[in-house]
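Enquirer: Using this note's numbering, you'd call the opening residue of the sequence shown number 56 and step up by one each time. Beta carbons: idealized from backbone N, C-alpha and C, even for Gly. Below is the structure I would like to discuss, written out as structure tokens.
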Amino acid sequence: MGKVRKVVHLTTVHHPLDPRIFYKECSSLDKAGYDVTLIAPESPDLQLERQNEISILPLKKYKNRFVSMVFSTIEAYKKAKKLNADFYHFHDPELLPVAWLLKKKSNVVVYDIHEDYETGIVTRSYLNRPLRVFISKCYKLIEKLLSGNMELCLAEKYYQEKYPRGKCILNYPLLNPELLKNDELNEDFENKLLYTGNLTKDRGALLHASLPKVDEKVSVFLFGRCSKGLAEEMFQVAGEKQTQLFVEGVDRYVPKQELDKSYVSQRWLAGLALFPPSDHYKKKELTKFFEYMTAGIPVLCSDFPVWKEFINKYQCGLTVNPQNESDIKEAIDFLRRNPMKAKEFGNNGRKAVLEELNWEKEEKKLLDWYSQIGSKNNV
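The structure is reproduced here in structure tokens:
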């Protein structure tokens, strides 16, 4: 019987039940026979969803972001080193020094790049812009110096422009039976719009909050972590229409099961991704696209060229200028007046996910890649 290879996933930033980390990568490796441990911030939500043999080692949480970057990183290193793993797979740029220290000739270290951090740092509102630009440039240099002997795992296709040697393991959705059986779509759509995922201004929180004023018939439901301050600002934006705005996730984590239920809880007119123009998001294929598509929900998103090309390719929704209210209202009106076309968009999206855009295909790529890089490093 062959050796059971040990894998340690590390994050000091992401929730321990992050869908990509826990439900996709860790779970796929666990099912394939690897001994999987996840080192991640402590959370009471772990009691909500435990379905496999993955060991989770919690890290102490700190309220201060910068204190956390120091002490959680040190704790993560100590716990990871003790495990003496064959594979270390980390998910945050601040863990680059830890990963560099963990790398030996007898193991594999994988840097899982979830974001375009170089442009992402520039969008951080809690720092002034000159400092953000400076940190972004420093990050790029440090990343290049420290990651030279690491394997790179890319969550987005376009990241390969910056990391040509990286392996694309795309963040496509799990084929969720509950969403896939949501196939009783008919012309009885309600005037309800859905958004799922974390809520921030650069992800269109204020644009989404304004929609009941743009089209007085619609109600907007948003499921995802949202700071209390931002939620209050969103209700101010909605003004007299704030009774048509629903925010589920104020100052709390929204479990995956709750998100999944949201997709099938209503006859959604569309799934939203009206993001303001941003270098950070304009080339990303958002995970929420695929989840809306899985549930047969038409997508209504910003008309960034890459997004527009994606929506046109799969004929799964509409794109609009996010800064043009009449453009947005016209698109909502079109879906409302053309229920059979809306149903067609939903069916097209689901078909694309079933045939092409799903984690089951990415899982095979992940396992084949692990086998390949393990052999290359004699693990």
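#1: Would you identify the three-state DSSP class for glutamate 380, choosing helix, strand or coil?
#2: For proline 96, write down the residues that DSSP places opposite it in a beta bridge.
#3: Evaluate asparagine 162 with the Cβ neighbour count: other Cβ atoms within 10 Å of its Cβ, from every protein chain shown; 16 or more gives buried, anything less gives exposed.
#4: Identify whether leucine 240 lies in helix, strand or coil by the three-state DSSP scheme.
#5: Decide if proline 232 is buried, meaning its Cβ has at least 16 other Cβ atoms within 10 Å, or exposed.
#6: DSSP three-state call for lysine 337: helix, strand or coil?
#7: Does the stretch 368-377 come close enough to the stretch 315-333 to have 3 or more Cβ pairs within less than 8 angstroms?
#8: Between valine 63 and the rest of its own chain, which residues show a CB-CB distance below 6 angstroms, the 5 nearest in sequence each way excluded?
#9: List the endpoints of the continuous beta strand (DSSP E) containing threonine 251.
#10: According to DSSP, which residues form a beta bridge with serine 404?
#11: Going by the beta-carbon positions, is the gap between serine 127 and leucine 112 smaller than 7 angstroms?
#12: Looking at C-alpha atoms only, which residue of Leu196, Leu249, Trp414 is the closest neighbour of asparagine 226?
#13: Whose C-alpha, out of Leu235, Cys193, Leu248, Asp167, is nearest the C-alpha of tyrosine 214?
#14: Among the residues of its own chain, which have a CB less than 7 angstroms from the CB of threonine 349, if the five just before and after it don't count?
#15: Output the distance between the C-alpha atoms of glutamate 417 and glycine 294, rounded to the nearest integer angstrom.
#16: Return the bridge partner residues of alanine 325 from the DSSP annotation.
#17: Report the residue from Gln297, Tyr347, Glu211 whose alpha carbon sits nearest the alpha carbon of glycine 252.
#18: Please specify which runs of the alpha helix (DSSP H), each continuous and at least 4 residues long, are wholly inside the stretch 341-367, giving them in chain order.
#19: Would you tell me roughly how many angstroms separate the C-alpha atoms of proline 310 and phenylalanine 278, rounded to the nearest one?
#20: My output table needs one value for aspartate 270: the three-state DSSP class, helix, strand or coil.
#21: Across the stretch 264-271 and the stretch 285-299, are there enough close Cβ pairs to call them in contact, namely three or more that are closer than 8 angstroms?
#22: Does the distance from the CB of alanine 131 to the CB of isoleucine 94 come in under 7 angstroms?
#23: Does the Cβ-Cβ distance between serine 98 and leucine 421 come in under 7 angstroms?
#24: I need the DSSP call for valine 177, collapsed to helix, strand or coil.
#25: Is DSSP giving isoleucine 224 helix, strand or coil here?
#26: Arginine 280: which of Leu150, Val292, Glu313, Lys268 sits nearest, CA to CA?
#27: Given a cut-off of 7 angstroms, decide if arginine 120 and tyrosine 11 are closer than it, judged by their beta-carbon atoms.
#28: Could you name the residues of the same chain whose beta carbon sits closer than 8 angstroms to that of isoleucine 352, not counting the 5 residues immediately before and after it, in chain order?
#29: Rounded to the nearest angstrom, what separates valine 292 and lysine 268 at their Cα positions?
#30: For the candidate residues Lys368, Ile366, Cys356, whose alpha-carbon lies nearest to that of aspartate 382?
#31: Cα separation between valine 273 and leucine 329?
#32: Please determine, among Asp306, Val434, Lys338, Asp270, the residue with the shortest C-alpha to C-alpha distance to proline 360.
#33: Taking all protein chains shown into account, decide if valine 37 is buried (16 or more other Cβ within 10 angstroms of its Cβ) or exposed.
#34: Label glutamine 7 either buried or exposed according to how many other C-beta atoms from any shown protein chain fall within 10 Å of its C-beta, with 16 as the threshold for buried.
#35: Rounded to whole angstroms, what's the CA-CA distance from lysine 247 to lysine 212? Just pull it up for me.
Expert: With the structure as the only source:
#1: Stepping through the sequence shown from its first residue, residue 380 is reached at position 325. DSSP places glutamate 380 in helix when its eight states are reduced to three.
#2: As a working mapping, residue 96 is identified with position 41 in the sequence shown. Answer is Leu114.
#3: Here residue 162 refers to the residue found at position 107 when the sequence shown is read from its first residue. Buried.
#4: Here residue 240 is taken as the residue at index 185 of the sequence shown, counted from 1. Confidence at leucine 240 is low in this model, with a pLDDT of 48, below 50, so the placement of that residue should be treated as unreliable; the coordinate-derived value is given next. It is coil, neither helix nor strand.
#5: Position 177 of the sequence shown holds residue 232. That one is exposed.
#6: The residue given as residue 337 occupies position 282 in the sequence shown. Coil.
#7: yes
#8: Translated into positions along the sequence shown, residue 63 becomes position 8. Counting only Cβ-Cβ distances below 6 angstroms, and skipping sequence neighbours, we find Thr92, Ala135, Leu138, Ala140, Tyr143.
#9: Start at 1 with the first residue of the sequence shown, and residue 251 comes out as number 196. Start and end: 247-251.
#10: To locate residue 404, count along the sequence shown from 1; it is residue 349. One detail in the question is off: residue 404 reads as glycine in this sequence, not serine. Glycine 404 is not bridged to any residue.
#11: Stepping through the sequence shown from its first residue, residue 127 is reached at position 72. Stepping through the sequence shown from its first residue, residue 112 is reached at position 57. Taking 7 angstroms as the Cβ cut-off, serine 127 and leucine 112 do not qualify as a contacting pair.
#12: Your numbering for residue 226 matches position 171 in the sequence shown. Measuring from the Cα of asparagine 226, the nearest candidate turns out to be Trp414.
#13: In the sequence shown, residue 214 corresponds to position 159, counting from 1. Per the Cα distances, Asp167.
#14: Taking the sequence shown and counting its residues from 1, the one referred to as residue 349 is at position 294. These residues qualify, in order along the chain: Pro228, Asn231, Leu234, Leu235, Arg405, Val408.
#15: By one-based count along the sequence shown, residue 417 stands at place 362. By one-based count along the sequence shown, residue 294 stands at place 239. Their backbone Cα atoms lie some 44 angstroms apart in a straight line.
#16: As a working mapping, residue 325 is identified with position 270 in the sequence shown. Leu248.
#17: Here residue 252 corresponds to residue number 197 of the sequence shown, with the count starting at 1. Checked all of Gln297, Tyr347, Glu211; the closest Cα to glycine 252 is Tyr347.
#18: 342-349
#19: Within the sequence shown, the letter at position 255 stands for residue 310. Within the sequence shown, the letter at position 223 stands for residue 278. Straight-line Cα distance between these residues: approximately 10 angstroms.
#20: Looking up residue 270 in the sequence shown gives position 215. Coil, per DSSP.
#21: yes
#22: Counted from its first residue, the sequence shown places residue 131 at position 76. Counted from its first residue, the sequence shown places residue 94 at position 39. Contact flag set, yes.
#23: Locating residue 98 in the sequence shown gives position 43, where the first residue counts as 1. Locating residue 421 in the sequence shown gives position 366, where the first residue counts as 1. Contact flag unset, no.
#24: As a working note, residue 177 is residue 122 in the sequence shown. Residue placement at valine 177 is poorly supported in this model, since its pLDDT is 49, which falls under 50; the coordinates still yield a value, given next. Residue state, collapsed to three classes: helix.
#25: To locate residue 224, count along the sequence shown from 1; it is residue 169. Three-state result, isoleucine 224: coil.
#26: Locating residue 280 in the sequence shown gives position 225, counting from the first residue. Arginine 280 has its Cα closest to that of Glu313, out of Leu150, Val292, Glu313, Lys268.
#27: With the chain represented from 56 up to 434, any question about residue 11 goes unanswered, as that position is not in the structure.
#28: Position 297 of the sequence shown holds residue 352. Excluding residues within five positions, the ones whose Cβ falls inside 8 angstroms are Leu249, Tyr318, Trp323, Ala325, Gly326, Gly401, Gly404.
#29: Position 237 of the sequence shown, counted from the start, is the residue given in the question as residue 292. Position 213 of the sequence shown, counted from the start, is the residue given in the question as residue 268. Going by the C-alpha atoms only, they are around 9 angstroms apart.
#30: Start at 1 with the first residue of the sequence shown, and residue 382 comes out as number 327. Of the listed residues, the one whose Cα sits closest to aspartate 382 is Cys356.
#31: By 1-based counting over the sequence shown, the position of residue 273 is 218. By 1-based counting over the sequence shown, the position of residue 329 is 274. In a straight line, the C-alpha of valine 273 is about 15 angstroms away from that of leucine 329.
#32: Position 305 of the sequence shown holds residue 360. For the residues Asp306, Val434, Lys338, Asp270, the minimum Cα distance to proline 360 belongs to Lys338.
#33: Nothing about residue 37 can be read from this structure; the chain reaches only from 56 to 434.
#34: It is not possible to answer for residue 7, since the shown part of the chain is limited to 56 through 434.
#35: Residue numbering aside, residue 247 sits at position 192 when the sequence shown is read from its first letter. Residue numbering aside, residue 212 sits at position 157 when the sequence shown is read from its first letter. Answer to the nearest angstrom: the Cα atoms are 32 angstroms apart.
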